[in-house]
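So the structure is just underneath, and the comments pick up after that.
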Amino acid sequence: MVQAIYDVAVALLLGLAAVGSGVGDGLVMSKYVEGVARQPEARGSIFASALLGVALVEAFPVIALAFGIIILFTAGKI
């Protein structure tokens, strides 16, 4: 029973991290398009900032995956 609760918790953790990452990517790229539409000549610097933002947003699900693996393999042993 306890292991099932941990399994559900990890599933929720990973699912919500994936949804949050998708929303974050969408927001970053929508602001990139908005910025390029306002100042097309600054496209290069805006693109670099957008890539940095996407990289930071994409780090979140990887960290959540690491926490999920730790929870699954140490469930009830701590």
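Mind the numbering: the sequence shown is residues 1 to 78 in the UniProt record's numbering, read in order.
Don't be surprised by glycine CBs; every beta carbon is placed ideally from N, CA and C.
Taking its Cβ as the centre, do 16 or more other Cβ atoms sit within 10 Å of residue i, making it buried, or is it exposed?
i	result
Val57	buried
Ile70	exposed
Val19	exposed
With 8 Å set as the bound, which would you pick, yes or no: does the beta-carbon of residue i sit closer than that to a beta-carbon of chain B?
i	result
Ala42	Looking for chain B here will not work: only one protein chain is present.
I need the straight-line Cα distance from residue i to residue j, nearest angstrom please.
i	j	result
Met34	Ala4	As written in the sequence, residue 34 is Glu, which differs from the Met given in the question. Cα-Cα distance, rounded: 45 Å.
Phe67	Ser30	29 Å
Val8	Met1	11 Å
Val10	Ile46	36 Å
Thr74	Leu14	17 Å
Could you check which residue in the options has the C-alpha nearest to that of residue i?
i	options	result
Pro61	Val8, Arg38, Leu12	Leu12
Gly22	Thr74, Ser49, Ala59, Ala75	Ala59
Leu27	Leu65, Thr74, Lys77, Ala50	Ala50
Taking Cβ positions, are residue i and residue j nearer each other than 8 Å?
i	j	result
Leu72	Tyr6	yes
Residue i and residue j look like a contact to me (Cβ under 8 Å); what is the Cβ gap, rounded to whole Å?
i	j	result
Val36	Arg43	5 Å
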